[in-house]
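Worksheet for the structure shown next.
Protein chains: 2
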Amino acid sequence: MQPAPLILAFDVFGTVVDWHGSISREVTALIPGEDGNAFATAWRAGYKPAMAEVRSGQLGWTKIDDLHRRILDQVLKARGHDLGEGQRQHLNRAWHRLAPWPDTIAGMQRLKAHFTLCTLSNGNLGLLANMAKHAGLPWDLILSAEVFRHYKPDPETYLGVAEVFDVRPAQVMLVASHEDDLDAAAACGLQTAYVSRPLEHGPGVTIRQGDLSRFTVAAHDFNDLADRLADLGGAGRTTPGQS
Amino acid sequence: MQPAPLILAFDVFGTVVDWHGSISREVTALIPGEDGNAFATAWRAGYKPAMAEVRSGQLGWTKIDDLHRRILDQVLKARGHDLGEGQRQHLNRAWHRLAPWPDTIAGMQRLKAHFTLCTLSNGNLGLLANMAKHAGLPWDLILSAEVFRHYKPDPETYLGVAEVFDVRPAQVMLVASHEDDLDAAAACGLQTAYVSRPLEHGPGVTIRQGDLSRFTVAAHDFNDLADRLADLGGAGRTTPGQS
Numbered sequence: 074m075q076p077a078p079l080i081l082a083f084d085v086f087g088t089v090v091d092w093h094g095s096i097s098r099e100v101t102a103l104i105p106g107e108d109g110n111a112f113a114t115a116w117r118a119g120y121k122p123a124m125a126e127v128r129s130g131q132l133g134w135t136k137i138d139d140l141h142r143r144i145l146d147q148v149l150k151a152r153g154h155d156l157g158e159g160q161r162q163h164l165n166r167a168w169h170r171l172a173p174w175p176d177t178i179a180g181m182q183r184l185k186a187h188f189t190l191c192t193l194s195n196g197n198l199g200l201l202a203n204m205a206k207h208a209g210l211p212w213d214l215i216l217s218a219e220v221f222r223h224y225k226p227d228p229e230t231y232l233g234v235a236e237v238f239d240v241r242p243a244q245v246m247l248v249a250s251h252e253d254d255l256d257a258a259a260a261c262g263l264q265t266a267y268v269s270r271p272l273e274h275g276p277g278v279t280i281r282q283g284d285l286s287r288f289t290v291a292a293h294d295f296n297d298l299a300d301r302l303a304d305l306g307g308a309g310r311t312t313p314g315q316s
Numbered sequence: 074m075q076p077a078p079l080i081l082a083f084d085v086f087g088t089v090v091d092w093h094g095s096i097s098r099e100v101t102a103l104i105p106g107e108d109g110n111a112f113a114t115a116w117r118a119g120y121k122p123a124m125a126e127v128r129s130g131q132l133g134w135t136k137i138d139d140l141h142r143r144i145l146d147q148v149l150k151a152r153g154h155d156l157g158e159g160q161r162q163h164l165n166r167a168w169h170r171l172a173p174w175p176d177t178i179a180g181m182q183r184l185k186a187h188f189t190l191c192t193l194s195n196g197n198l199g200l201l202a203n204m205a206k207h208a209g210l211p212w213d214l215i216l217s218a219e220v221f222r223h224y225k226p227d228p229e230t231y232l233g234v235a236e237v238f239d240v241r242p243a244q245v246m247l248v249a250s251h252e253d254d255l256d257a258a259a260a261c262g263l264q265t266a267y268v269s270r271p272l273e274h275g276p277g278v279t280i281r282q283g284d285l286s287r288f289t290v291a292a293h294d295f296n297d298l299a300d301r302l303a304d305l306g307g308a309g310r311t312t313p314g315q316s
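Residue numbers (our numbering), protein chains in the order written: chain A, 74 to 316; chain B, 74 to 316.
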């Protein structure tokens, strides 16, 4: 059994907040008659290809806010909507207003008493800060691909968390609902916590799970994660800054 | 009168926390008989010259933790102390445990209801996150020279805050107890709030003040700042993420 981690680094979109439900609701409110579920799925579908362009060097460093906007304009055109500039800006900022899952805040508060909690998200710093203020997410530190100028799953992001806190990679645990993110973190020596988010892609979309036993822990939600990490011994850690 | 800012960016060492008193107390506790005040002053005196080496390019990017450690070793040698490695590491981390001024937390809580609060400090991210967790500082976002790879007063730091939040420089207000920091921010188009910290350099050291009327506001402490910014109209701002 590995020693308990000091730092929990959280993936955000899907793991901490319900992007699909939040985007779907905002789209339906703004564009009467539109299928919010289909729109949210189409918008998110452009996300990994856009980041891949940045990761390959084909596109220079570009914030998620700007990638989201580029994809939004494409989705609006494809789906036959002609929104004005103000509405487009408002809708693009819906990613700053994503709602947490029902267990998110309570679980984070429990975990925060024993660990340092940070984000490790491809979302940009301003987006993550606005989201945290809007939703009341009690981060100790907001870290982003924007700090490292690399998008996940580049190793610079996972190793960057350890460097920021001056700890070993094994003292950091990535918390995520995406197996590929966790596998990339494990390859860098981080501990891993899988959290199930069966509704991440909306109602009726089944998430296929691989062999979860390869992760340090697997949890049903953040409260379950707090229970499991207490079993790992995380409850005994000292105050940060005490060396 | 300018419109109220959206973002308050705080200098940290001296403005938010009492580095002199905190370091002095830790030194006295660790090295019996040492003059904690003199030690703290000597340690901090090495700070600007060390950063100037980075700013000029003479030294590559180096975190404050590492600059602090280099200066600490020099001060210990000059003052005839031979501490072991563990004690040096512990003392160097005293900068992660600095105590807030008596008005800091209450003032920040009031300001946080109306503005987005971030740090703009030369301290590194890990130091600032550990300090915030230790002292209970309710930041919305921790920003650091480490994010911009430039130390204040380089313009990249002040303008970087506006870029992160995608606002105009005039929508950011720097809060600091140092006139040179505020002047550099004003030159970049930021609003400025001077806060008096008469004990920053310890008992008996008078802080000379220039003409404070050149700053947007001047306040006695963070509660006074909250009063003055309410007068400016800051109390009316909307929830972040609402565009």
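Beta carbons: idealized from backbone N, C-alpha and C, even for Gly.
The structure displayed is predicted, hence computed values, not measured ones.
Taking C-alpha positions only, B/Leu-164 is separated from A/Ala-167 by approximately 45 Å. Exclusion of the five residues before and after A/Ala-113 leaves His-93, Ile-96 and Ser-97 as the residues of its chain whose Cβ lies within less than 6 Å of its Cβ. As for any beta strand (DSSP E) of minimum length 3 sitting wholly inside the region 176-214 of chain B, the runs are 189-194, ordered along the chain. In terms of CA proximity to A/Arg-287, A/Asp-253 leads the group A/Leu-298, A/Thr-230 and A/Asp-253. When Cβ-Cβ separations below 8 Å define contact, B/Ala-113 makes no contact with chain A.
Using beta-carbon distances, A/Phe-295 does not count as an interface residue toward chain B, since no partner is under 8 Å. Contacts between B/Ala-205 and chain A, judged by CB atoms closer than 7 Å, involve Asp-213 in chain order. Shown here, B/Pro-276 sits in coil according to DSSP, grouped into three states, outside any helix or strand. In this structure, A/Ile-80 sits away from A/Phe-221, with a CB-CB distance that is not shorter than 8 Å.
Contact check for B/Met-181 against B/Leu-210 passes: the beta carbons are separated by less than 8 Å. Flagged as an interface residue toward chain B: A/Thr-189, by a C-beta distance shorter than 8 Å. Within chain B, no residue has its beta carbon less than 9 Å from that of A/Phe-86; the closest one is some 15 Å off. Around the C-beta of B/Arg-281, fewer than 16 other C-beta atoms lie within 10 Å, and the residue is accordingly described as exposed.
At least 8 Å separates the beta-carbon of B/Tyr-231 from that of B/Asn-195.
In the three-state scheme derived from DSSP, where H, G and I count as helix and E and B as strand, A/Thr-101 is classed as helix.
Residue burial is scored here from C-beta neighbours: B/Pro-78 has at least 16 other C-beta atoms within 10 angstroms and is therefore classed as buried. Note on geometry: alpha-carbon atoms of A/Asp-84 and A/His-274 lie some 16 Å from one another. The alpha-carbon of B/Glu-219 is positioned some 33 Å away from that of A/Ala-303. Remark: fewer than three beta-carbon pairs, one from each stretch, lie closer than 8 Å, so the region 101-108 of chain B and the region 124-137 of chain B are not flagged as touching. When only Cα atoms are considered, B/Leu-255 and B/Gln-131 end up about 26 Å apart. Under the 8 Å criterion on CB atoms, B/Asp-91 is classed as non-interfacial with respect to chain A.
The C-alpha of A/Lys-185 is placed about 14 Å away from the C-alpha of A/Val-89.
Here DSSP, grouped into helix, strand and coil, assigns A/Thr-230 to helix. When C-beta atoms of the region 256-271 of chain B are compared with those of the region 145-154 of chain B, fewer than three pairs fall below 8 Å, so the two segments do not count as touching. Taking B/Arg-142 as reference, the option from B/Pro-173, B/Asp-300, B/Tyr-120 and B/Cys-261 with the minimal CA-CA separation is B/Tyr-120. A/Gly-133 counts as exposed, since fewer than 16 other C-beta atoms from the protein chains shown sit within 10 angstroms of its C-beta.
Annotation: the continuous alpha helix (DSSP H) that includes B/Phe-295 extends over 295-305. Within the region 130-154 of chain A, Asp-138 place their CB atoms closer than 8 Å to a CB of chain B, listed in sequence order.
One thing to note: A/Met-124 has its Cβ no nearer than 8 Å to the Cβ of A/His-169. Only residues of its own chain outside the window of five on either side were considered, and among them Ile-215, Ser-217, Glu-219 and Val-220 have a CB closer than 8 Å to the CB of B/Leu-198, listed in chain order. Rounded to whole angstroms, A/Ala-115 and A/Thr-192 show a C-alpha spacing of 25 Å. Within chain B, the C-beta atoms nearer than 7 Å to that of A/Val-237 come from Leu-198 and Gly-199, in chain order. Using a Cβ distance threshold of 8 Å, B/Asp-176 and B/Phe-295 count as a contacting pair. Identification of chain B residues near A/Ala-125 by a Cβ-Cβ cut-off of 9 Å yields none; the smallest Cβ-Cβ distance measures about 24 Å. A Cβ-Cβ distance of about 20 Å is found for the pair B/Arg-241 and B/Ala-249, leaving them out of contact under the 8 Å criterion.
A distance below 8 Å separates the beta carbons of B/Ala-257 and B/Pro-226.
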